[in-house]
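To start, the structure itself, in structure tokens.
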Amino acid sequence: MKTTLPETASEAWLEVVRQKVASLRFGSVQITVHDGRVTQVESVEKTRFVTPREEGANGQK
Numbered sequence: 001m002k003t004t005l006p007e008t009a010s011e012a013w014l015e016v017v018r019q020k021v022a023s024l025r026f027g028s029v030q031i032t033v034h035d036g037r038v039t040q041v042e043s044v045e046k047t048r049f050v051t052p053r054e055e056g057a058n059g060q061k
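The sequence shown stops at residue 61 when you use UniProt numbering, and every number in between is there.
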């Protein structure tokens, strides 16, 4: 996914975070900071599968 960054570098990471959050249904966005500056933004997307419940919460019928 290619991201479009704003003009100023100080706002660039914030726009990347917004885009990554908007594109996720389930997952996480992680921000890495070094010396008080954002150096990296990562996202992890999770796919959840709905499964029918088995017999009772504790295995009882």
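From the three backbone atoms N, C-alpha and C, an ideal C-beta is built for every residue, glycine too.
Just so you know, these numbers come straight off a predicted model, no measurement behind them.
Exclusion of the five residues before and after Ser28 leaves Val44 as the residues of its chain whose Cβ lies within less than 6 Å of its Cβ. The C-beta distance from Ile31 to Val21 rounds to 11 Å, too long to meet the 8 Å contact threshold. A distance below 6 Å between beta-carbons, with the five flanking residues on each side excluded, links Phe26 to the following residues of its chain, in chain order: Lys46 and Arg48. Looking at the backbone, the Cα of Leu24 and that of Val16 are separated by about 13 Å. In this structure, DSSP gives Glu54 a state outside helix and strand, which the three-state scheme calls coil.
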